[in-house]
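Undergrad:
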Amino acid sequence: MTCFCFCSRRNRDSLTAHTAAAEAAAIEEISKIPNVRLYSYEELRKATENFRFENKLGQGGFGSVYKGRLRNGTLAAIKVLSMDSSQGTREFLAEINVITVINHDNLVKLHGYCVEGQHRILVYPYLENGSLDKMLFGRGRGNIQFNWQTRCKICIGIAQGLTFLHEEVQPHVVHRDIKASNILLDKDLTAKISDFGLARLLPSHMTHVSTCIAGTEGYLAPEYAIRGQATRRTDIYSFGVLLLEIVCGRYNINKRLPAEEPYLLEMVWKHHETGQLLELVDISLHGDFEAEEACRYLKVGLLCTQDMPNLRPSMSTVVKMLTGDIDITDQTISKPGMLSEFMLRKDVLGKKAEPNSKLTSTTEDLGKQSESTSSSGFMDTSYGTITFNSIFDRSN
Ligand SMILES: Nc1ncnc2c1ncn2[C@@H]1O[C@H](COP(=O)(O)OP(=O)(O)OP(=O)(O)O)[C@@H](O)[C@H]1O
Ligand SMILES: [Mg+2]
1 MTCFCFCSRR
11 NRDSLTAHTA
21 AAEAAAIEEI
31 SKIPNVRLYS
41 YEELRKATEN
51 FRFENKLGQG
61 GFGSVYKGRL
71 RNGTLAAIKV
81 LSMDSSQGTR
91 EFLAEINVIT
101 VINHDNLVKL
111 HGYCVEGQHR
121 ILVYPYLENG
131 SLDKMLFGRG
141 RGNIQFNWQT
151 RCKICIGIAQ
161 GLTFLHEEVQ
171 PHVVHRDIKA
181 SNILLDKDLT
191 AKISDFGLAR
201 LLPSHMTHVS
211 TCIAGTEGYL
221 APEYAIRGQA
231 TRRTDIYSFG
241 VLLLEIVCGR
251 YNINKRLPAE
261 EPYLLEMVWK
271 HHETGQLLEL
281 VDISLHGDFE
291 AEEACRYLKV
301 GLLCTQDMPN
311 LRPSMSTVVK
321 MLTGDIDITD
331 QTISKPGMLS
341 EFMLRKDVLG
351 KKAEPNSKLT
361 STTEDLGKQS
371 ESTSSSGFMD
381 TSYGTITFNS
391 IFDRSN
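Residue 172 in full-length UniProt numbering is what sits at position 172 of the sequence shown, and the numbering runs on without skipping anything.
#1: By how many angstroms is the C-alpha of I156 removed from the C-alpha of L322?
#2: Given the structure, does Q170 come close to ligand 1, in the sense that its CB is under 7 Å from one of the ligand's heavy atoms?
#3: Note down the Cα distance separating E364 from L264, rounded to an integer number of angstroms.
#4: Using the rule of at least 16 other Cβ atoms within 10 Å of the residue's Cβ for burial, across every protein chain shown, is R312 buried or exposed?
#5: With DSSP as the reference, label Y124 as helix, strand or coil.
#6: Is it the case that the Cβ atoms of L110 and I99 are separated by a distance below 8 Å?
#7: From F289, I102, V115 and H271, pick the residue whose C-alpha is nearest to that of V174; which is it?
#8: Would you check whether ligand 1 has a heavy atom nearer than 7 Å to the C-beta of F137?
#9: When we look at the beta-carbon of N72 and count the other beta-carbons within 10 Å, is it buried (16 or more) or exposed?
#10: Is the CB-CB distance between residue 446 and A159 below 8 Å?
#11: Is G61 close to chain D, meaning its C-beta is less than 8 Å from at least one C-beta of that chain?
#12: Using the beta-carbon count (16 or more within 10 Å), is R52 buried or exposed?
#13: Going by DSSP in three states, P313 sits in which element: helix, strand or coil?
#14: Please go through the stretch 217-262 and give each complete alpha helix (DSSP H) segment of 4 or more residues, from N-terminal end onward.
#15: Alpha carbons only, please: which of F137, A24 and A47 is nearest the one belonging to F92?
#16: For G287, count the other beta carbons within 10 Å of its own beta carbon; 16 or more makes it buried, fewer makes it exposed. Which is it?
#17: Whole angstroms are fine: how far does the CA of M135 sit from the CA of V300?
#18: Verify whether the separation of the beta carbon atoms of Y124 and K67 is less than 8 Å.
#19: Find the nearest neighbour of C152 within the set A191, E128 and K179, judged by alpha-carbon distance.
#20: Can you tell me which residues fall inside 6 Å of ligand 2, judged by beta-carbon distance to its nearest heavy atom, and keep chain order?
#21: Can you determine whether any heavy atom of ligand 1 sits closer than 7 Å to the C-beta of K109, and answer yes or no?
#22: Using DSSP with H/G/I as helix, E/B as strand and the rest coil, what is H271?
#23: Tell me the DSSP secondary structure of R151 in three-state form.
#24: Taking only the alpha-carbon atoms, compute the straight-line gap between Q306 and D330 and give it to the nearest angstrom.
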């Protein structure tokens, strides 16, 4: 017995030493990547004035985001991951490694990170105009700058960012949580996709079936919510929902609206069938938009949200459709896949769902009961889990 304790302690010590060495090696490797800094906790604590409440920009499923001023004077958005979401240091560093090599105008760039004891912190550039949900549904609503041309630029920017993740990064990246709050706007209102924490890269032998679903209600493709399959097609579905939100200027789910109207996707489909799509364009534009273009954007949204994943266009095709380089006038559009029909109305989730709840569940849980926490306003909290496994996507 004594001998067993002695051996297991020695093994444990050597394992700890081995892990520490591996972590140090991983930090060393990441520190070689240009333009990504390793920050000390102390520096980030000072930058945010001890994580002062007044400096808090918001809170998401993975922790709180603070505005902070770094030692060199630049403003940063400092995302403090909650303890629950912090995984092993090596997994965290592996994820950082993935994020840092991805570089595109329409993707938020990671400035640096902090990994110290239990602390896991990501440092991003501070983007002046905040997130798209605030512009669309919050105080920025009706803002003169948020006119039709700006909306088009934002939609195309998001589509280009996603095209890069889906088709240009090798191996491809599935974002998994495309939604209005994950689109940030810089001072010129250029759209930047944020939060690659959920992005996973699937290994070739793993097909496209993931072990964990993480996303936000209303943006989830039915096949992802039901079977836990995250593919580029499920991202395209979420993009389609977001596109409809931008054109119509409303959340995809709003239970305060009269019957028939809470589900945007359902409404757009009905208006498409009756040839009245233009009625849905955001009234705050006061009719100041290009009718043909708005109609095209809504149709692209419907194409992206078709029930059959294989019918959804690729993101590079979406870009061409939005810019008018591909004509979609005669394109047949099939009925959208609406999760509301399966899950929300029939209450499969086990509790009443609220707009833009965050859903997290293992595939084991699916079909039994999914966890859903409510988040009805843009400053509300949503909860999620984060797994820093890097998986490579070779799905369609
Ligand atoms: N780089 C940034 N610049 C400016 N504001 C930011 C930045 N990053 C995040 N924010 C603000 O902080 C808020 C919280 O972001 P966070 O990603 O934690 O939550 P979320 O996007 O609502 O949910 P999720 O956890 O699902 O991503 C955002 O809504 C945004 O307004
Ligand atoms: Mg976010």
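Glycine is no exception: its CB is placed at the ideal position from the N, C-alpha and C atoms.
Remember, it's a predicted structure, so these values are computed and weren't measured experimentally.
TA: So, to answer that:
#1: By 1-based counting over the sequence shown, the position of residue 322 is 322. By 1-based counting over the sequence shown, the position of residue 156 is 156. Straight-line Cα distance between these residues: approximately 7 Å.
#2: Working through the sequence shown from its first residue, we reach residue 170 at position 170. Outside the cutoff, so no.
#3: As a working note, residue 364 is residue 364 in the sequence shown. As a working note, residue 264 is residue 264 in the sequence shown. With a pLDDT of 34 at E364, under the threshold of 50, the modelled position of this residue cannot be trusted; read the value that follows with caution. A direct Cα-to-Cα measurement between E364 and L264 gives close to 30 Å.
#4: Against the sequence shown, residue 312 aligns to sequence position 312. The residue in question, R312, is buried, as its Cβ has 16 or more Cβ neighbours within 10 Å.
#5: Against the sequence shown, residue 124 aligns to sequence position 124. Strand at Y124.
#6: The sequence position of residue 110 within the sequence shown is 110, counting from 1. The sequence position of residue 99 within the sequence shown is 99, counting from 1. Yes, the Cβ-Cβ distance between L110 and I99 is below 8 Å.
#7: Residue mapping note: residue 174 aligns to position 174 of the sequence shown, counting from 1. Selected option, being the one with the closest Cα: I102.
#8: Counting from 1 along the sequence shown, the entry for residue 137 is found at position 137. Checking the Cβ of F137 against ligand 1 gives no.
#9: Here residue 72 refers to the residue found at position 72 when the sequence shown is read from its first residue. Counting the other Cβ atoms within 10 Å of the Cβ of N72 gives fewer than 16, which makes it exposed.
#10: Because the chain is modelled from 1 through 396, residue 446 falls outside the range shown and cannot be assessed.
#11: Here chain D cannot be found, since the structure has a single protein chain.
#12: Indexing the sequence shown from 1 puts residue 52 at position 52. Per the 10 Å Cβ criterion, exposed.
#13: In the sequence shown, counting from the first residue as 1, residue 313 sits at position 313. Collapsing the DSSP output to three states places P313 in coil.
#14: As summarised for the stretch 217-262, the continuous alpha helix (DSSP H) elements at least 4 residues long and confined to that stretch are 222-227 and 232-248, given in chain order.
#15: Here residue 92 refers to the residue found at position 92 of the sequence shown. Selected option, being the one with the closest Cα: A24.
#16: Reading the sequence shown from its first residue, position 287 is the one you call residue 287. Counting other Cβ atoms within 10 Å of its Cβ, G287 stays below 16 and is therefore classed as exposed.
#17: Taking the sequence shown and counting its residues from 1, the one referred to as residue 300 is at position 300. Taking the sequence shown and counting its residues from 1, the one referred to as residue 135 is at position 135. Whole-angstrom Cα-Cα distance: 22 Å.
#18: As a working mapping, residue 124 is identified with position 124 in the sequence shown. As a working mapping, residue 67 is identified with position 67 in the sequence shown. No Cβ-Cβ contact shorter than 8 Å links Y124 with K67.
#19: Counting from 1 along the sequence shown, the entry for residue 152 is found at position 152. For C152, the nearest C-alpha among the options comes from A191.
#20: For ligand 2, residues qualifying as neighbours are G60, S181, N182, S194 and D195, where qualification means a beta carbon closer than 6 Å to at least one of its heavy atoms (chain order).
#21: Here the question's residue 109 lines up with position 109 in the sequence shown. For ligand 1, not one heavy atom lies less than 7 Å from the Cβ of K109.
#22: As a first step, residue 271 must be located in the sequence shown, where it is residue number 271. In the displayed model, H271 falls within a helix according to three-state DSSP.
#23: Here residue 151 refers to the residue found at position 151 of the sequence shown. In the three-state reduction of the DSSP assignment, R151 falls in the helix class.
#24: To locate residue 306, count along the sequence shown from 1; it is residue 306. To locate residue 330, count along the sequence shown from 1; it is residue 330. Using only the alpha carbons, I get a separation of about 16 Å.
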